[in-house]
Each structure stands twice: as structure tokens, then as C-alpha cells.
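Everything on this sheet refers to the single structure shown next.
2 protein chains.
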Amino acid sequence: MSLSQVAAGLDARDPLAGKRAEFELESQMSYLDGNSLGAPPRSVAARLDEVVRKQWAGRLIRSWDEGWWQAPERVGDRIAPLVGAAAGQLVVGDSTSVNLFKALVAAVRLNPYRPEILVDATTFPTDGYIAASAARLTGHEIRRVVPEEIPAVVSERTAAALINHVDYRSGLLHDLPSLTAGLHASGALAVWDLCHSAGAVPVGLDAAGVDLAVGCTYKFLNGGPGAPAFLYVPAKWQERFDQPLSGWAGHADPFGMTEGYASAPGIARARTGTPDILSMLALDAALDVWEGVTIEHVRTKGLALGGFFLRCLDELVPGTDVLTPRDHKRGNQISVRWPDAKRVMAAMTESGIIGDFRPPDVLRFGLASLYVRYADVLRAAEFLSGWPG
Amino acid sequence: MSLSQVAAGLDARDPLAGKRAEFELESQMSYLDGNSLGAPPRSVAARLDEVVRKQWAGRLIRSWDEGWWQAPERVGDRIAPLVGAAAGQLVVGDSTSVNLFKALVAAVRLNPYRPEILVDATTFPTDGYIAASAARLTGHEIRRVVPEEIPAVVSERTAAALINHVDYRSGLLHDLPSLTAGLHASGALAVWDLCHSAGAVPVGLDAAGVDLAVGCTYKFLNGGPGAPAFLYVPAKWQERFDQPLSGWAGHADPFGMTEGYASAPGIARARTGTPDILSMLALDAALDVWEGVTIEHVRTKGLALGGFFLRCLDELVPGTDVLTPRDHKRGNQISVRWPDAKRVMAAMTESGIIGDFRPPDVLRFGLASLYVRYADVLRAAEFLSGWPG
Numbered sequence: 010m011s012l013s014q015v016a017a018g019l020d021a022r023d024p025l026a027g028k029r030a031e032f033e034l035e036s037q038m039s040y041l042d043g044n045s046l047g048a049p050p051r052s053v054a055a056r057l058d059e060v061v062r063k064q065w066a067g068r069l070i071r072s073w074d075e076g077w078w079q080a081p082e083r084v085g086d087r088i089a090p091l092v093g094a095a096a097g098q099l100v101v102g103d104s105t106s107v108n109l110f111k112a113l114v115a116a117v118r119l120n121p122y123r124p125e126i127l128v129d130a131t132t133f134p135t136d137g138y139i140a141a142s143a144a145r146l147t148g149h150e151i152r153r154v155v156p157e158e159i160p161a162v163v164s165e166r167t168a169a170a171l172i173n174h175v176d177y178r179s180g181l182l183h184d185l186p187s188l189t190a191g192l193h194a195s196g197a198l199a200v201w202d203l204c205h206s207a208g209a210v211p212v213g214l215d216a217a218g219v220d221l222a223v224g225c226t227y228k229f230l231n232g233g234p235g236a237p238a239f240l241y242v243p244a245k246w247q248e249r250f251d252q253p254l255s256g257w258a259g260h261a262d263p264f265g266m267t268e269g270y271a272s273a274p275g276i277a278r279a280r281t282g283t284p285d286i287l288s289m290l291a292l293d294a295a296l297d298v299w300e301g302v303t304i305e306h307v308r309t310k311g312l313a314l315g316g317f318f319l320r321c322l323d324e325l326v327p328g329t330d331v332l333t334p335r336d337h338k339r340g341n342q343i344s345v346r347w348p349d350a351k352r353v354m355a356a357m358t359e360s361g362i363i364g365d366f367r368p369p370d371v372l373r374f375g376l377a378s379l380y381v382r383y384a385d386v387l388r389a390a391e392f393l394s395g396w397p398g
Numbered sequence: 010m011s012l013s014q015v016a017a018g019l020d021a022r023d024p025l026a027g028k029r030a031e032f033e034l035e036s037q038m039s040y041l042d043g044n045s046l047g048a049p050p051r052s053v054a055a056r057l058d059e060v061v062r063k064q065w066a067g068r069l070i071r072s073w074d075e076g077w078w079q080a081p082e083r084v085g086d087r088i089a090p091l092v093g094a095a096a097g098q099l100v101v102g103d104s105t106s107v108n109l110f111k112a113l114v115a116a117v118r119l120n121p122y123r124p125e126i127l128v129d130a131t132t133f134p135t136d137g138y139i140a141a142s143a144a145r146l147t148g149h150e151i152r153r154v155v156p157e158e159i160p161a162v163v164s165e166r167t168a169a170a171l172i173n174h175v176d177y178r179s180g181l182l183h184d185l186p187s188l189t190a191g192l193h194a195s196g197a198l199a200v201w202d203l204c205h206s207a208g209a210v211p212v213g214l215d216a217a218g219v220d221l222a223v224g225c226t227y228k229f230l231n232g233g234p235g236a237p238a239f240l241y242v243p244a245k246w247q248e249r250f251d252q253p254l255s256g257w258a259g260h261a262d263p264f265g266m267t268e269g270y271a272s273a274p275g276i277a278r279a280r281t282g283t284p285d286i287l288s289m290l291a292l293d294a295a296l297d298v299w300e301g302v303t304i305e306h307v308r309t310k311g312l313a314l315g316g317f318f319l320r321c322l323d324e325l326v327p328g329t330d331v332l333t334p335r336d337h338k339r340g341n342q343i344s345v346r347w348p349d350a351k352r353v354m355a356a357m358t359e360s361g362i363i364g365d366f367r368p369p370d371v372l373r374f375g376l377a378s379l380y381v382r383y384a385d386v387l388r389a390a391e392f393l394s395g396w397p398g
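Order-wise, the sequence lines are chains A and B.
With positions in the first sequence counted from 1, the corresponding number in my numbering is that position plus 9.
With positions in the second sequence counted from 1, the corresponding number in my numbering is that position plus 9.
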């Protein structure tokens with residue numbers, strides 16, 4: 010059987026195949042960049058129109074009392090099951106970077122008298138930049154270490170560690186339960202960045218006893234470009250969660266407009282300013298595509314897509330330097346090293362196969378199970394096999 | 010001539026009268042709450058549809074290189090003339106609270122060895138909460154003082170003062186040039202909150218030599234509920250501007266993804282995370298209503314609306330306790346004390362006259378010149394004169 014026959018068979022039997030129709034994607038588009046910017050669910054444009062015309066124009070200021078003010082917690086509760094969190098522990102708003110700052114300062118306040126923060130040395134840059142800034146303000150030292158070395162490095166000096174669940178460059182999936190347990194054994198807190206795992210792989214935040222986590226919603230959650238991020242504060246820490254961006258929206262009585270700050274009970278204390286409603290409700294609409302789908306479905310297909318892509322590369326482009334682990338220790342992403350990566354990705358994009366390039370020489374292919382077809386990954390491998398062609 | 014004849018004449022001669030048609034407002038709606046949430050310009054819904062369908066769906070990740078990434082500075086440059094700033098000094102993004110945090114920490118770093126931050130005691134609460142948090146992290150003392158007393162209180166101990174241009178409760182307009190000059194005379198920096206003045210009154214940031222400023226875009230700039238805020242960093246301070254939310258979007262080479270943080274040149278260093286594009290471009294569309302209008306036009310009408318409203322109150326509800334200065338030391342807002350303020354505002358809202366209530370007993374009426382009619386303020390005064398009716 011040819012690879013294209015195999016792909017056709019896999020697509021025909023794919024239980025998620027019908028989901029692609031819920032996205033605004035042309036049929037000839039092979040979109041393998043959902044790990045950078047998720048594709049738009051069809052429900053988003055109509056919802057935004059409704060929010061502007063019916064809620065904003067029709068109800069004006071009254072809409073704040075008719076669902077807007079509570080949207081950060083309500084939308085958080087919709088994301089919670091995808092990352093293994095019970096309700097009441099996620100809030101949506103601000104950027105990932107801003108939430109990282111809240112989480113890191115709060116973490117060292119939860120775990121005082123320990124001078125050091127460990128930071129994943131393979132992290133997406135913003136995590137390291139924000140950690141350095143937080144440490145400068147709180148007087149902590151930053152120690153950069155690859156996640157695998159954390160168990161050997163963590164000590165009674167460690168207040169917290171900030172780790173990415175999936176390495177944005179290689180696609181390596183770290184062992185969240187085991188690394189979390191290792192940190193806890195030394196009395197350190199585990200702060201996880203879920204940007205590349207939320208909506209792609211099961212996370213199991215509550216089960217692992219994660220202390221704090223942040224994640225973005227514009228990748229595998231399809232919330233839109235720069236959509237608001239989320240912050241997870243588990244019930245066990247909420248009462249002591251003491252965050253530095255203590256704006257009015259996290260106040261116990263925001264409309265009382267009192268002089269002193271008093272944290273709201275529960276997850277609401279993780280809020281900062283007035284919630285950005287247009288983006289928040291676009292994300293809310295985008296989450297409708299999860300109806301009838303669990304994260305396990307998405308993960309199963311993601312691994313199968315990755316496995317098939319690796320098979321295609323092996324057969325069509327033997328010798329390709331695959332950065333991503335071939336076993337299941339990977340996110341829903343395959344990365345390969347390619348000498349003229351920037352040029353080949355520009356040419357692929359021209360031909361309707363969109364992945365992305367990370368300097369200096371990495372091609373990344375995101376496998377967003379809700380709309381990527383087996384035929385798409387075959388097409389990417391075929392393009393590479395014909396390059397330069 | 011009756012008041013309604015006067016109102017009709019004023020509306021007939023209003024050079025801004027045609028602007029109301031650019032907003033999605035029913036003709037029977039008297040919307041006097043644009044100082045809390047501006048009304049939606051008609052261009053917003055169509056633009057959002059275009060951003061979702063043509064840019065996000067049609068171009069997918071490529072849109073980041075086709076205008077999205079630079080949007081924070083580009084939209085900032087559209088707001089700049091409204092607040093008296095030359096281009097290249099405003100960036101749009103994050104909430105007002107988040108920008109306040111950036112501005113205050115940056116201010117004390119610009120002016121070290123001074124232990125005190127003065128905070129406007131009449132401020133909107135979030136400013137005080139954020140200032141307290143910033144001071145806790147930087148080791149500064151907060152001293153709360155009403156703006157009028159700042160010249161007497163500022164000293165060589167003062168690093169910076171955070172002042173609201175317009176008092177959100179009373180509508181009092183502070184003298185920005187004079188207070189700024191007074192702070193400078195003691196070597197202190199002036200940080201202004203323009204939430205209630207941007208889009209309502211001339212601000213003159215550059216002319217006054219303001220050091221840093223923040224403002225929101227969802228009031229008189231009509232950007233939408235929770236629309237992204239702006240941060241002003243004048244050219245004189247950009248090279249030394251050292252802000253605490255140093256995320257990847259403010260990096261000199263964000264896509265280089267290097268380990269260490271290096272601030273971008275210019276205003277871009279005030280950025281933090283990935284820009285929130287849906288909200289940003291909704292605001293961009295909303296700013297189209299300023300075509301052919303200057304802030305001076307808006308201010309002239311705002312004062313005239315306020316003057317007429319005061320006349321209506323004097324004639325129809327004599328003895329009303331007006332909190333807002335009757336001279337021109339006010340923003341485009343009139344506030345009155347009213348015993349059962351909460352109840353009367355609920356009833357007014359029911360009848361299609363929307364203002365707002367601030368505890369314990371203040372009624373606020375925003376005078377957004379682009380869509381408020383003289384007939385609207387007369388209607389509000391008539392309602393109060395018939396209460397309880």
C-alpha cells in the first residue's frame with residue numbers, strides 16, 4: 010500500500026475527522042502550525058459579532074453584570090478539564106508573560122527563606138526573561154538547568170522551579186508528575202508552563218499536585234492571536250496566594266472601591282485589571298469545538314499523526330535529523346533539523362503547507378488533532394523529499 | 010425659550026452632531042456612561058469579522074508578519090495626538106493596572122535613592138493597590154496625598170508621584186502642567202493616569218514634560234470592554250526605561266529567542282507578551298471615529314454639554330449637590346450626590362438614560378462628545394426632577 014493510500018485510510022477511519030469542518034480552513038490548506046497559532050473555529054466570527062452588536066451595543070454598560078465580569082472564571086472552568094483541574098482553579102486573562110510574573114512572585118512568597126529559583130534552561134525565552142525580572146525584585150537567584158537535571162539539583166535552597174511541560178523547540182514532553190514529586194520531596198514548589206501542552210496532551214494538574222501553572226490559549230486551544238492566557242492556582246494554595254499584580258479586578262469587593270487591597274476569595278484573586286471581553290469571549294466561542302471531545306482523544310490522534318509523519322519521513326526523506334523523541338515522550342509536535350530551514354519553510358508555506366521555523370535550523374510541525382489530517386503530514390514529508398525541487 | 014427648545018437649537022448647531030451616526034446607538038438611548046464604557050463605533054463589528062476571516066483564517070500565522078506584530082506601536086501612534094504626544098512614544102497592550110505596575114517600577118528605577126512614592130489619595134482604587142504592590146517589591150514607602158497638596162509635600166525624598174488627571178468620582182480636572190512642574194522642581198517624576206482624560210480633554214503630555222503615563226481605551230476612546238490600555242514613555246526616558254514585565258515582546262530581537270533579555274530600542278521595550286490582536290484591532294477600528302475631529306473639538310463640546318446640564322439641573326432640580334467644579338476645572342463628566350443614588354440610577358437605566366453610580370451616593374454622567382446630545386443631558390435632568398415619580 011502506498012503512503013497516500015495509508016493516509017487516506019487513516020483519515021477515513023479518524024474519529025475526529027469531522028471536527029475539521031468546525032474550523033475556517035480551506036480544504037487544500039495543510040496547517041501544521043497550530044502549536045504557534047491555532048486555526049479559527051467557525052463559531053468565533055459570529056460570536057464576536059453578537060458580543061459587539063447585542064451585548065456591547067445593545068446592553069452597553071449593563072453587560073458587565075450580565076456575564077462579562079465573571080467571564081475570566083467561567084472560561085477558566087471550561088479549560089480546566091482539558092488540563093486535569095477541578096473547577097474554580099483557573100482564571101483567564103492577561104498574557105502568558107504577565108501570568109508567569111504573578112505565578113513566580115507568588116511562588117516565592119508561598120515558600121519563603123529559600124534563595125533560589127530553578128528555571129528550565131530549554132524554556133521559551135519569555136519564561137527566562139520574566140523569571141529574571143521577578144528574581145531581581147524579590148532578591149532571588151536564578152539557576153538555569155535542563156529539566157532532566159532538576160531532581161539532582163533541587164535542594165532546600167530551592168523555592169520553586171519553572172518548567173515547560175513540552176519543549177517548544179524539540180517537542181520533548183517532560184514527566185510532569187515525576188518532576189513535580191521530585192521538587193516536593195525537597196520542599197520546592199513546581200510551577201509549570203503549559204503553553205505547548207494545554208489542548209494537546211493530558212496534563213493532570215490536580216492529580217500531580219502541581220503548585221501553580223500558566224498556559225496560553227492561542228495555540229492548541231485556538232483562542233485567536235494573542236488570546237488571553239490562563240493561570241492555575243489550586244485550592245490548596247488559594248488562601249495564601251499573594252500575587253504582585255494586585256489590581257482592582259482581584260479585590261474582594263471591586264465595586265466597593267475601597268482604599269486598601271483585600272484579595273478576593275478563591276481563584277478571583279489571581280485577576281488583575283478589567284477583563285478584556287472581546288478576546289475573552291472569542292476564546293469562549295473557540296472552546297465550543299471541544300464538545301464531545303476529550304483531551305485523550307486529541308492525544309491519541311496526535312501521537313498517531315506524529316507516528317505516521319515519522320514513518321513518512323523515514324521512507325521519503327531517510328536520514329532526516331528528527332529532534333523530537335520517537336517514543337511517546339513528545340507533545341503533539343514533530344521538529345526536525347534542516348540545513349536551510351528558513352528557506353524551505355518559506356517555500357512550503359507558499360505551496361500551502363504551513364509549519365514554522367525556529368532559529369537557527371529547526372522546522373516545527375504542530376499536530377493539532379482537531380483539524381490536521383494524515384494527508385497533511387504526508388504532504389509535508391513529500392515536500393521535504395522533493396527539496397530543493 | 011424652553012429648555013427643550015434650547016437643547017434642540019444646540020443639537021442643531023452642534024458641529025459634532027453627525028458623529029453619532031458612526032456609533033451603534035439607538036436614537037432613543039441617552040448614553041451618559043461613556044466615561045465607564047464607550048459606545049461601539051459601527052466600524053468595529055465589520056473590522057473584527059475581517060480580522061477573523063481574512064487575516065486569521067485567510068493568512069493564518071503569516072498575519073504576524075503582515076501587520077499584527079507592529080500593531081501595539083501603530084495603534085499607539087494613532088492615540089498619541091489625542092494626548093499631545095509625538096509619534097513613537099505610546100504602546101498599546103495589557104490592562105491599565107499592568108501598565109501602572111510597569112510605569113511605577115520603571116519610575117523608581119529612573120530616580121533611585123529616593124524612598125517615597127506619592128499616590129493621589131483620590132485615585133481610582135487600582136492605582137493605589139498597584140502602587141502598594143510595586144512599593145512592597147521595590148522597598149519604597151507610599152504616601153497618600155490629595156493632588157492639591159502635592160506641591161507642599163513633594164521633597165527630595167520623593168521618587169515619583171502617581172496622579173489621576175481627572176478624579177473618577179468628582180470629575181475634577183487636575184492641573185497637569187503645573188503639578189508636573191512642581192514635581193520636577195523637587196527632582197521627582199510625574200506619572201499620570203489618563204483613564205478619564207484620554208479622548209475627553211487635551212492632555213499635552215509632551216508639552217508638560219510628563220515622565221510616564223498610562224491610560225485606558227475603553228472609556229472615551231470607545232475601544233470596547235476591557236480593551237487594551239496604553240503606556241506613554243517619552244523619548245527622553247526610553248533609553249533608561251527599565252520595566253519589570255520584561256517579556257519577549259519587548260526584546261530587541263524577539264524571534265532570535267536568545268537566553269538573555271535585551272530591551273528593544275524605543276517604545277517597544279514597554280511591551281510584555283504576545284499582543285492581543287482581536288482586541289487591539291477592534292480598538293484600531295474604533296479610532297476611525299476620530300477622523301476629522303480634534304481633541305479640542307471634543308473638549309469644547311464636552312464643556313458646553315456640562316454647562317447645559319448644570320443649567321438644566323439648576324432650573325429643574327434646584328439645590329442638587331453637584332460634586333463637579335462648575336468652572337472649567339473638570340473633565341467631560343458631571344457628578345452629583347443623590348441620597349438614593351443606586352435606586353435612581355437603576356430606574357433611569359430602565360427608562361433608557363444610562364449613567365452610573367459610585368458608592369455610596371454619587372451619580373456620574375459622562376459627556377462623550379462624539380455621541381451625547383444636548384437633549385440627552387436635558388432628559389437626565391428631567392428624570393431627576395421627577396424623582397421619585
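Every residue gets a Cβ at the ideal spot worked out from N, C-alpha and C, and that includes glycine.
Query raised in the report: Where does H193(B) fall in DSSP's three states?
Result: As a working mapping, residue 193(B) is identified with position 184 in the second sequence. In the three-state scheme derived from DSSP, where H, G and I count as helix and E and B as strand, H193(B) is classed as helix.
Query - Candidates L379(A), S394(A) and G395(A): closest to L41(A) by CA position - result: In the first sequence, residue 41(A) corresponds to position 32, counting from 1. The option with the nearest alpha carbon to L41(A) is L379(A).
Report task. Give the interface partners of E82(A) over in chain B, defined as CB-CB distance under 8 angstroms, in chain order. Result -> Sequence index remark: in the first sequence, residue 82(A) carries index 73 (1-based). Against E82(A), chain B offers no close residue; the least beta-carbon distance is about 15 angstroms (beta-carbon pairs closer than 8 angstroms).
Query raised in the report: Should R352(A) go down as buried or exposed, given a rule of 16 or more other Cβ atoms within 10 Å for buried?
Result: Here residue 352(A) refers to the residue found at position 343 of the first sequence. R352(A) counts as exposed, since fewer than 16 other beta carbons sit within 10 angstroms of its beta carbon.
Requested in this report: Give the residues of chain A in contact with W65(B), contact being defined as C-beta atoms less than 7 angstroms apart.
Outcome: Taking the second sequence and counting its residues from 1, one reaches residue 65(B) at position 56. The contacting residues are P49, G233 and P234.
Query raised in the report: Run through DSSP, which three-state label would W77(B) get?
Result: The residue given as residue 77(B) occupies position 68 in the second sequence. Secondary structure at W77(B): coil, using DSSP grouped into helix, strand and coil.
Query raised in the report: Between A258(B), A217(B) and P327(B), which lies nearest to V101(B) when the distance is taken from Cα to Cα?
Result: The count along the second sequence starts at 1 and reaches residue 101(B) at position 92. The option with the nearest alpha carbon to V101(B) is A258(B).
Query - Proximity below 8 angstroms, CB of R145(B) to CB of L127(B) - result: Residue 145(B) sits at position 136 when you count from the first residue of the second sequence. Residue 127(B) sits at position 118 when you count from the first residue of the second sequence. Going by beta carbons, R145(B) and L127(B) fall outside the 8 angstroms limit.
Query - Terminal residues of the alpha helix (DSSP H) in which V128(B) lies - result: The residue given as residue 128(B) occupies position 119 in the second sequence. Unbroken run through V128(B) is the beta strand (DSSP E), E125 to D129; no alpha helix (DSSP H).
Report task. Assign A21(B) to one of two classes, buried (16 or more other C-beta atoms within 10 Å of its C-beta) or exposed (fewer than that). Result -> Along the second sequence, read from residue 1 onward, the residue named residue 21(B) stands at position 12. Burial call: exposed.
Requested in this report: Please go through the same chain and pick out, in chain order, the residues whose beta-carbon is closer than 8 angstroms to the beta-carbon of R308(A), but skip the five residues on each side of it.
Outcome: Within the first sequence, numbered from 1, the residue matching residue 308(A) stands at position 299. For R308(A), same chain residues with a beta-carbon under 8 angstroms away, outside a window of 5 residues either side, are A209, V210, P211, N341 and S378 in chain order.
Query raised in the report: Which one of D129(B), G196(B) and T189(B) has the shortest CA to CA distance from A216(B)?
Result: As a position in the second sequence, residue 216(B) is number 207, starting the count at 1. Of the listed residues, the one whose Cα sits closest to A216(B) is T189(B).
Query raised in the report: Can you list, in chain order, the residues of its chain whose CB lies under 6 angstroms from that of G395(A), leaving out five sequence neighbours each side?
Result: Position 386 of the first sequence, counted from the start, is the residue given in the question as residue 395(A). If we look at G395(A) and ignore the five residues flanking it on each side, it has no Cβ neighbours.
Query - Interfacial residues, the segment 252-277 of chain B to chain A, with Cβ spacing under 9 angstroms - result: Listed in chain order, the positions of the segment 252-277 of chain B with a beta carbon within less than 9 angstroms of a beta carbon of chain A are Q252, P253, L254, S255, G256, W257, A258, G259, H260, P263, F264, G265, M266, T267, E268, G269 and Y270.
Query - Beta-carbon gap between K338(B) and L192(B) smaller than 8 angstroms - result: Mapped onto the second sequence, residue 338(B) falls at position 329. Mapped onto the second sequence, residue 192(B) falls at position 183. No, these two residues do not count as a Cβ contact at 8 angstroms.
Query raised in the report: CB M266(A) to CB P368(B), shorter than 8 angstroms?
Result: Along the first sequence, one-based indexing puts residue 266(A) at 257. Along the second sequence, one-based indexing puts residue 368(B) at 359. For the pair M266(A) and P368(B), the CB atoms are nearer than the 8 angstroms cut-off.
Query raised in the report: For L314(A), which of helix, strand or coil comes out of DSSP?
Result: For this step, residue 314(A) is matched to residue 305 along the first sequence. Three-state result, L314(A): helix.
Query raised in the report: With C-beta atoms as the reference, is N173(B) less than 8 angstroms away from D136(B)?
Result: For the purposes of this step, residue 173(B) is taken as residue 164 along the second sequence, with counting starting at 1. For the purposes of this step, residue 136(B) is taken as residue 127 along the second sequence, with counting starting at 1. Yes, these two residues count as a Cβ contact at 8 angstroms.
Query raised in the report: If you draw a straight line from the C-alpha of R373(B) to the C-alpha of A116(A), how long is it?
Result: Translated into the one-based positions of the second sequence, residue 373(B) becomes position 364. Translated into the one-based positions of the first sequence, residue 116(A) becomes position 107. Rounded to whole angstroms, the gap between the alpha carbons of R373(B) and A116(A) is 41 angstroms.
Query - Cβ of T329(B) within 8 angstroms of any chain A Cβ - result: Taking the first residue of the second sequence as position 1, residue 329(B) is located at position 320. Cβ-Cβ to chain A under 8 angstroms: no for T329(B).
Query raised in the report: So, helix, strand or coil for S360(B), using DSSP?
Result: Start at 1 with the first residue of the second sequence, and residue 360(B) comes out as number 351. When DSSP states are grouped into helix, strand and coil, S360(B) belongs to the coil group.
Report task. Helix, strand or coil for Q252(A), going by three-state DSSP, please let me know. Result -> As a working note, residue 252(A) is residue 243 in the first sequence. In the structure shown, Q252(A) sits in coil (DSSP, three-state: anything other than H, G, I, E or B).
Query raised in the report: Between the segment 347-377 of chain B and chain A, which residues of the former have CB atoms less than 8 angstroms from a CB of the latter, in chain order?
Result: Those would be T358, I363, D365, R367 and P368, in chain order.
Query raised in the report: Are there 16 or more other CB atoms within 10 angstroms of the CB of T105(A), so buried, or fewer, so exposed?
Result: Here residue 105(A) is taken as the residue at index 96 of the first sequence, counted from 1. Around the beta-carbon of T105(A), 16 or more other beta-carbon atoms lie within 10 Å, marking it buried.
Query raised in the report: Taking the runs of the alpha helix (DSSP H) that are 4 residues or longer, which of them lie wholly in the segment 288-345 of chain B?
Result: Positions of the alpha helix (DSSP H) runs, each at least 4 residues long and wholly inside the segment 288-345 of chain B, are given as 304-325 in order along the chain.
**Report entry** Within-8 angstroms CB hit, T303(B) to chain A
**Finding:** Your numbering for residue 303(B) matches position 294 in the second sequence. Closer than 8 angstroms: no.
Requested in this report: Determine the direct distance from the alpha carbon of V223(B) to that of R118(B), and round the result to whole angstroms.
Outcome: Locating residue 118(B) in the second sequence gives position 109, where the first residue counts as 1. Locating residue 223(B) in the second sequence gives position 214, where the first residue counts as 1. The alpha-carbon atoms of R118(B) and V223(B) are separated by roughly 17 angstroms.
Requested in this report: Closer than 7 angstroms by beta-carbon distance: list the chain B residues that pair up with A30(A), in chain order.
Outcome: Taking the first residue of the first sequence as 1, we reach residue 30(A) at position 21. Under the 7 angstroms cutoff, chain B gives no residues; its nearest Cβ is about 14 angstroms from A30(A).
Query raised in the report: Just the Cα atoms here: how many angstroms apart are I363(B) and L387(B)?
Result: For the purposes of this step, residue 363(B) is taken as residue 354 along the second sequence, with counting starting at 1. For the purposes of this step, residue 387(B) is taken as residue 378 along the second sequence, with counting starting at 1. Approximately 13 angstroms, taken between the alpha carbons.
Query - Under the three-state DSSP convention, the category P50(A) falls into - result: Looking up residue 50(A) in the first sequence gives position 41. Here P50(A) sits in strand by DSSP.
Query raised in the report: Is any beta-carbon of chain B found at less than 8 angstroms from that of D58(A)?
Result: Taking the first sequence and counting its residues from 1, one reaches residue 58(A) at position 49. Answer yes: the Cβ-Cβ gap between D58(A) and chain B drops below 8 angstroms somewhere.
Query raised in the report: In the DSSP assignment, what are the bridge partners of S39(B)?
Result: Counted from its first residue, the second sequence places residue 39(B) at position 30. Note: S39(B) sits in a beta bridge opposite I362(B).
Requested in this report: Count the other C-beta atoms from every protein chain shown that fall within 10 angstroms of the C-beta of D8(A), then say buried if there are 16 or more, exposed otherwise.
Outcome: In the structure as shown, chain A starts at 10 and stops at 398, and residue 8(A) therefore has no counterpart that could be examined.
**Report entry** Residues near R51(A) by beta carbon distance below 7 angstroms, same chain, minus five either side
**Finding:** Reading the first sequence from its first residue, position 42 is the one you call residue 51(A). In the same chain as R51(A), and ignoring 5 residues on each side of it, the C-beta atoms closer than 7 angstroms to its own belong to E31, F32 and E33, in chain order.
Report task. Give the residues from the segment 116-137 of chain A that approach chain B closer than 7 angstroms (Cβ to any Cβ), ordered along the chain. Result -> So the list reads P134, T135 and G137, given in the order they occur along the chain.
Query raised in the report: With burial defined as no fewer than 16 other Cβ atoms inside 10 Å of the residue's Cβ, what is the status of T303(B): buried or exposed?
Result: As a working mapping, residue 303(B) is identified with position 294 in the second sequence. Classification for T303(B): exposed.
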